[in-house]
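Participant:
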Amino acid sequence: MTSSTGRGLLHLAAAVDQPTVFDAGSYVELVRLAERGVLDFVTLGDTFARPGPDALAVLSRVAPATRRIGLVPTVTTTHTEPFHVQAAVATLDWVSRGRAGWHLDVSTTEGEARLFGRRHAAPADTLWQEAGEVADVAARLWDSWEDGAEIRDVATGRFVDRDKLHHTDFEGAAFSVKGPSIVPRPPQGHPVRVVDATEGQARRTAARYADVALLRVTSPAQAAAVRTELRGTAEEFGRDPDTLRILACLVVDLGDGEHAAEPGWGSPLFGRRRELGGGGGGPLGTAQGPRYRGGPVDLADLIAVWHQAGAVDGFHLTPVEPRRDLERLVNGTVALLQHRGLFRTFYPGSTLREHLGLGRPANQYAVTGGTS
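Take a look at the structure:
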């Protein structure tokens with residue numbers, strides 16, 4: 001699916017993190033605002049390293065209060081049970097009617113390990129290899145119910161067609177899973193898997209299993225290089241690289257309203273488009289990730305230049321002040337991109353996969369005749 005520019009359609013997502021907020025209404029309000037901007041999805045971060053509400057539970061509450069936008073909580077694959085995680089994500093897909101995603105992450109600190117007392121902290125590369133196994137077994141469990149496995153035949157008392165249930169029989173380095181799942185196959189087949197592919201083994205895990213790869217880079221040249229690498233690695237794993245969406249991460253501070261972006265923050269105006277197109281300018285690298293500070297108009301120009309250069313498929317934007325910056329993003333930046341014909345004005349489908357232009361995966365057991 002391509003736009004009139006010949007590039008793939010522009011995809012936009014936003015974080016709705018509010019670590020100290022426990023009121024569900026605040027999250028509903030933010031996600032509804034993002035939905036008015038027709039964003040592909042929102043993310044909600046989570047970690048064992050700090051207090052805060054459970055991201056998956058919060059977005060399960062948001063699901064019935066929204067209609068189209070994708071909902072992507074962070075759920076760590078470290079210290080959690082893969083069987084339970086996949087069932088929870090599948091449940092979110094059911095309650096949202098096909099709008100669920102899953103941002104896979106790992107827990108690397110000894111403090112997080114001590115919360116569970118099962119094992120010590122492990123190197124990040126080891127944990128990302130484990131995350132890949134979790135992503136693999138999740139897909140197998142989602143497929144362990146074929147479509148139509150539920151028959152609900154009251155007359156015969158048969159709830160399920162046992163010939164359409166399959167055991168996964170998965171043996172990983174750190175866990176094993178028999179299956180089948182306790183949740184029927186999700187509406188999307190596989191909820192969308194999101195991985196931050198910026199560093200190390202996480203990049204290979206993303207290339208093999210992710211539907212959306214996030215990158216923290218400060219120039220289109222960097223983004224394009226990693227994009228090429230990710231697509232090449234995905235192809236080595238036997239994937240169609242066109243099934244991988246690559247989004248650049250950007251922390252956005254729109255507190256300066258309509259003022260031009262500060263020097264060094266990536267304004268493409270007044271002859272500075274060359275900076276955005278090369279390695280000499282663009283967002284400023286910070287401890288929180290690449291960061292833009294300026295007005296909604298300059299941000300729209302930055303997004304347009306990066307996307308039209310073919311560096312990324314879109315952006316994942318994290319507002320510095322969620323309510324203020326998300327409102328300026330939707331009413332300013334997104335509205336301008338829509339006015340220019342660079343971003344859609346309505347959702348063409350009802351599922352997150354449809355928003356992203358991704359097909360519904362075939363069931364691996366139905367296709368290959370896996371054993372039950």
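Numbering (UniProt numbering), first residue to last: 1 to 372. Every residue, glycine too, gets a C-beta built ideally from N, C-alpha and C.
1. For R238, count the other beta carbons within 10 Å of its own beta carbon; 16 or more makes it buried, fewer makes it exposed. Which is it?
2. Can you give, in chain order, each stretch of the alpha helix (DSSP H) that sits fully within the region 90-126 and has at least 4 residues?
3. S219 by DSSP, collapsed to three states: which one?
4. Suppose only complete runs of 4+ residues qualify. What are the alpha helix (DSSP H) ranges in the region 307-336, listed by chain order?
5. Expressed to the nearest angstrom, what Euclidean distance is found between the alpha-carbon atoms of H103 and A155?
6. Taking DSSP as the reference, what is the three-state secondary structure of H79?
7. Spatial neighbours of V38 within its chain, please: C-beta separation below 7 Å, excluding the five flanking residues on both sides.
8. Within the continuous beta strand (DSSP E) that includes E29, where are the two ends?
9. On the DSSP bridge assignment, give the partners of H11 in chain order.
10. Applying the criterion that 16 or more other CB atoms from any shown protein chain within 10 Å of the CB defines a buried residue, is S176 buried or exposed?
11. Please work out which residues of its chain come closer than 7 Å, Cβ to Cβ, to H11, disregarding the five sequence neighbours upstream and downstream, and give them in chain order.
12. Ordered along the chain, which non-local residues of its own chain (more than five positions away) have a Cβ less than 6 Å from that of A366?
13. I'd like to confirm something about Q222: is its beta-carbon nearer than 7 Å to some heavy atom of the ligand HEM, or not?
14. Between L173 and the rest of its own chain, which residues show a CB-CB distance below 8 Å, the 5 nearest in sequence each way excluded?
15. Tell me whether E199 sits in a helix, a strand or coil according to DSSP, three-state version.
16. By Cβ distance below 6 Å, which residues in the same chain neighbour L92 in space, the five residues on each side in sequence not counted?
17. Return the residue from the list R162, Q188 and A207 that minimises the CA-CA distance to R152.
18. According to the Cβ coordinates, are F170 and V137 closer than 8 Å?
19. Suppose you measure from the CA of P73 to the CA of V160; what does that come to, to the nearest Å?
20. What do you reckon, are the CB atoms on L33 and L342 nearer than 8 Å?
21. Using 8 Å as the threshold, is the C-beta distance between R67 and Q188 below it?
22. Please list, in chain order, all residues of the same chain as F22 whose beta carbon is under 6 Å from its beta carbon, the five residues on each side excluded.
23. Here's the rule: buried if 16 or more other CB atoms are within 10 angstroms of the residue's CB, otherwise exposed. What is L115?
24. From D298 to G148, what distance separates their C-alpha atoms?
25. Excluding sequence positions up to five away, which residues of its chain have a Cβ less than 8 Å from the Cβ of V58?
26. When burial is assigned at 16 or more other CB atoms within 10 Å of the CB, is T333 buried or exposed?
27. Go to E354, then tell me how far its beta strand (DSSP E) extends in each direction, as first and last residue.
28. Is DSSP giving A65 helix, strand or coil here?
29. Please report how far the alpha carbon of R227 lies from the alpha carbon of G157, in whole angstroms.
30. Can you tell me whether V160 is helix, strand or coil according to DSSP?
Facilitator: So, from the listed chains and residues:
1. Taking the first residue of the sequence shown as position 1, residue 238 is located at position 238. The amino acid occupying residue 238 in the given sequence is Gly; Arg does not appear at that position. Exposed, since its Cβ has fewer than 16 Cβ neighbours within 10 Å.
2. 110-116
3. The count along the sequence shown starts at 1 and reaches residue 219 at position 219. S219 falls in the coil class under three-state DSSP.
4. 322-328
5. Residue mapping note: residue 103 aligns to position 103 of the sequence shown, counting from 1. Residue mapping note: residue 155 aligns to position 155 of the sequence shown, counting from 1. Distance between the alpha carbons of H103 and A155: 42 Å.
6. Position 79 of the sequence shown, counting from 1, holds the residue named residue 79. It is coil, neither helix nor strand.
7. Numbered from 1 along the sequence shown, position 38 holds the residue referred to as residue 38. Closer than 7 Å at Cβ, skipping near neighbours: R344, T345, F346 and Y347.
8. Numbered from 1 along the sequence shown, position 29 holds the residue referred to as residue 29. No beta strand (DSSP E) holds E29; the alpha helix (DSSP H) holding it covers A24 to R36.
9. Reading the sequence shown from its first residue, position 11 is the one you call residue 11. In the DSSP output, where bridge partners are listed per residue, H11 has G314.
10. For the purposes of this step, residue 176 is identified with residue 176 of the sequence shown, where counting begins at 1. Counting Cβ neighbours within 10 Å, S176 comes out exposed, since fewer than 16 surround it.
11. Taking the sequence shown and counting its residues from 1, one reaches residue 11 at position 11. Closer than 7 Å at Cβ, skipping near neighbours: D40, R245, L247, D313, G314 and L356.
12. Here residue 366 corresponds to residue number 366 of the sequence shown, with the count starting at 1. Same-chain partners within the cutoff: E146.
13. In the structure on display, the ligand HEM does not appear, and there are no ligands present to speak of.
14. In the sequence shown, the residue the question calls residue 173 occupies position 173. Going by the sequence as given, residue 173 is Ala instead of Leu. Within the same chain, A173 has close Cβ partners Q129, E130 and E133.
15. To locate residue 199, count along the sequence shown from 1; it is residue 199. E199: coil per DSSP, three-state reduction.
16. Residue 92 sits at position 92 when you count from the first residue of the sequence shown. Correct list, in chain order: S60 and A100.
17. Looking up residue 152 in the sequence shown gives position 152. Considering only alpha carbons, the answer is R162.
18. What you label residue 170 is simply residue 170 of the sequence shown in a count that begins at 1. What you label residue 137 is simply residue 137 of the sequence shown in a count that begins at 1. Yes, they are a contact pair.
19. Translated into positions along the sequence shown, residue 73 becomes position 73. Translated into positions along the sequence shown, residue 160 becomes position 160. Annotation: P73 to V160 spans about 30 Å, alpha carbon to alpha carbon.
20. Sequence index remark: in the sequence shown, residue 33 carries index 33 (1-based). Sequence index remark: in the sequence shown, residue 342 carries index 342 (1-based). No. Outside cutoff.
21. Position 67 of the sequence shown holds residue 67. Position 188 of the sequence shown holds residue 188. The answer is no: Cβ separation not under 8 Å.
22. Here the question's residue 22 lines up with position 22 in the sequence shown. These residues qualify, in order along the chain: P53.
23. Taking the first residue of the sequence shown as 1, we reach residue 115 at position 115. Label assigned to L115: exposed.
24. Looking up residue 298 in the sequence shown gives position 298. Looking up residue 148 in the sequence shown gives position 148. Looking at the two C-alpha atoms, the distance is approximately 50 Å.
25. Taking the first residue of the sequence shown as position 1, residue 58 is located at position 58. Hits under 8 Å: A24, Y27, L44 and P73.
26. Residue numbering aside, residue 333 sits at position 333 when the sequence shown is read from its first letter. By the 10 Å Cβ count, T333 comes out buried.
27. By one-based count along the sequence shown, residue 354 stands at place 354. It is not in any beta strand (DSSP E) - E354 instead sits in the alpha helix (DSSP H) that spans L352 to L356.
28. The residue you call residue 65 lines up with position 65 of the sequence shown. A65 sits in a helix when the DSSP states are folded into three classes.
29. Counting from 1 along the sequence shown, the entry for residue 227 is found at position 227. Counting from 1 along the sequence shown, the entry for residue 157 is found at position 157. Approximately 52 Å, taken between the alpha carbons.
30. In the sequence shown, residue 160 corresponds to position 160, counting from 1. Strand, per DSSP.
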